[in-house]
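In case it helps, this note's numbering puts the sequence shown at residues 1104 to 1422.
We treat Cβ as the ideally placed atom computed from N, Cα and C, and that holds for glycine.
No experiment lies behind these values; they were computed from the predicted model shown.
Worksheet: one structure, shown below.
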Amino acid sequence: MTGSPLTTVAIGEDTDAALAALPAGPGVGQIVGPEGRNLVIGRAANLRRWAASHLGQGPPPKKGKRPRTDLRAIARALRFAPTASEFGQRLRYERLLGEHVPLAKRRDLKTPAFLHLDRDQRFPRVLVREAAGDHAGLYGPFRDRAAAARARDLVHKRFPLRPCDYAFEPHPELALGLGCVYAQVRSCAAPCLARVSEQAYRDLAGQATAFLASPESRGDELPRWVGRFADAKGLVAERTRQGLELFAIREGRVVDEAAGPDDALEDAIARMDWTREAPADDLAWVCSWLHAPKRKGAWVLADGAPADLARRVRAAFEE
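Next up, the structure:
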């Protein structure tokens, strides 16, 4: 089960004693007020120093800077969870923050977007949409709709699928097609004008599907994590002082985690349970983490045997 429970320390009369109970290392912290009300949640490189800065014991502010609010008058307890990796810290922070701040009120996270391509349609199209509803035919994730739209345009350049949403019966003299600029400049296969057969057009959609679903074979045209979203599995690995921390991700949710030395990587991967249900939707922040330019962890597509995944994890750290 992902995420360790938070340890709670009552503040009481002796603030120094409460602070001394916190580790002087990285983790996630929370200061709680009367009746368990949340006052502040944070990620910190030093939990003890972070809590002290909110309880009137931090260093004096720099000239011209406002000091932090002193919460000693209303703070009742400290809650914390030490972490060993950056991704593990982000996971616990997001899970804790999600208990108090709805995703709709977050301004630091964007709603991820996907490309939708349904090959069962008579004349399939590539659409931009969100993950709500059925995940069949979804490919992604992309950071936002603009990024997904750019990917859609890339797919259209490689595979001349129709961009329109019209219903039609193919005919070489169809007025709808004769007046279409995409048909005129030949950037669309124009099934409306019967320039290709229905089967040939669906074969073209199949090629586009294979392109979107095969990160290992398409080069760097799209991010490596973009693939078929239904049942998509990824593995995040990050080095720590004790070895490696591993996080199993299925359809954008962190479902399991493990830790161990480098030489036991295959065994740790083999023990991970990809069938667990996640207690929260991690898609928005995981997508944000994937797009971070300076993230420390490595991401690999989890579609092979443990030995193959271990090889790819090690290769990712060597890049």
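Unbroken beta strand (DSSP E) run spanning residue i, endpoints
{"i": "residue 1120", "result": "Note, residue 1120: premise wrong, no beta strand (DSSP E); alpha helix (DSSP H) at 1118-1123."}
{"i": "residue 1212", "result": "From DSSP, residue 1212 is part of no beta strand (DSSP E); its letter is neither H nor E."}
{"i": "residue 1269", "result": "That residue, residue 1269, is in no beta strand (DSSP E); it is neither H nor E in DSSP."}
{"i": "residue 1402", "result": "1401-1404"}
{"i": "residue 1132", "result": "1130-1135"}
{"i": "residue 1299", "result": "No beta strand (DSSP E) holds residue 1299; DSSP gives it neither H nor E."}
{"i": "residue 1229", "result": "1229-1232"}
Rounded Cβ spacing between residue i and residue j (contact assumed at less than 8 Å)
{"i": "residue 1351", "j": "residue 1338", "result": "6 Å"}
{"i": "residue 1226", "j": "residue 1265", "result": "6 Å"}
{"i": "residue 1175", "j": "residue 1158", "result": "5 Å"}
{"i": "residue 1375", "j": "residue 1359", "result": "5 Å"}
{"i": "residue 1322", "j": "residue 1347", "result": "The Cβ separation is near 28 Å, so there is no contact."}
{"i": "residue 1308", "j": "residue 1274", "result": "With 8 Å as the limit, residue 1308 and residue 1274 do not qualify as a contact, their Cβ atoms being about 21 Å apart."}
{"i": "residue 1207", "j": "residue 1262", "result": "So it is not a contact: roughly 35 Å between Cβ atoms."}
{"i": "residue 1404", "j": "residue 1318", "result": "6 Å"}
{"i": "residue 1110", "j": "residue 1210", "result": "That pair is no contact at about 30 Å."}
{"i": "residue 1354", "j": "residue 1238", "result": "7 Å"}
{"i": "residue 1361", "j": "residue 1416", "result": "That pair is no contact at about 12 Å."}
{"i": "residue 1344", "j": "residue 1385", "result": "Rounded, the Cβ-Cβ distance is 25 Å, inconsistent with contact."}
{"i": "residue 1325", "j": "residue 1254", "result": "6 Å"}
Whether residue i touches residue j by CB criterion (9 Å)
{"i": "residue 1233", "j": "residue 1205", "result": "no"}
{"i": "residue 1200", "j": "residue 1178", "result": "no"}
{"i": "residue 1186", "j": "residue 1195", "result": "yes"}
{"i": "residue 1213", "j": "residue 1395", "result": "no"}
{"i": "residue 1231", "j": "residue 1314", "result": "no"}
{"i": "residue 1156", "j": "residue 1399", "result": "no"}
{"i": "residue 1392", "j": "residue 1336", "result": "no"}
{"i": "residue 1220", "j": "residue 1333", "result": "no"}
{"i": "residue 1145", "j": "residue 1132", "result": "yes"}
{"i": "residue 1420", "j": "residue 1342", "result": "yes"}
{"i": "residue 1192", "j": "residue 1126", "result": "no"}
{"i": "residue 1349", "j": "residue 1371", "result": "yes"}
{"i": "residue 1108", "j": "residue 1184", "result": "yes"}
{"i": "residue 1407", "j": "residue 1329", "result": "no"}
{"i": "residue 1228", "j": "residue 1256", "result": "no"}
{"i": "residue 1294", "j": "residue 1304", "result": "yes"}
{"i": "residue 1123", "j": "residue 1114", "result": "no"}
{"i": "residue 1160", "j": "residue 1117", "result": "no"}
{"i": "residue 1271", "j": "residue 1280", "result": "yes"}
{"i": "residue 1390", "j": "residue 1245", "result": "yes"}
Per-residue DSSP class, three states only, for residue i
{"i": "residue 1195", "result": "helix"}
{"i": "residue 1415", "result": "helix"}
{"i": "residue 1104", "result": "Annotation note: pLDDT 46 at residue 1104 (below 50); position unreliable, coordinate value reported separately. It is coil, neither helix nor strand."}
{"i": "residue 1378", "result": "coil"}
{"i": "residue 1226", "result": "coil"}
{"i": "residue 1109", "result": "coil"}
{"i": "residue 1407", "result": "coil"}
{"i": "residue 1114", "result": "coil"}
{"i": "residue 1145", "result": "strand"}
{"i": "residue 1397", "result": "coil"}
{"i": "residue 1420", "result": "helix"}
Start and end residues, alpha helix (DSSP H) containing residue i
{"i": "residue 1387", "result": "1386-1394"}
{"i": "residue 1284", "result": "1284-1287"}
{"i": "residue 1278", "result": "1278-1281"}
Minimum Cβ-Cβ distance from residue i to chain C less than 9 Å
{"i": "residue 1174", "result": "Any reference to chain C falls outside this structure, which holds one protein chain only."}
Length at least 3, wholly inside the stretch 1234-1267: the beta strand (DSSP E) runs in chain order: Qualifying beta strand (DSSP E) stretches, in chain order: 1241-1245.
In the stretch 1324-1368, which residue ranges form an unbroken beta strand (DSSP E) of at least 3 residues, counting only runs that do not cross its ends? You should have 1336-1343, 1346-1353 and 1356-1363.
Within the stretch 1147-1197, ranges of the beta strand (DSSP E) (whole runs, at least 3 residues): Along the length of the stretch 1147-1197, whole beta strand (DSSP E) runs at least 3 residues long occupy 1180-1185, reported in chain order.
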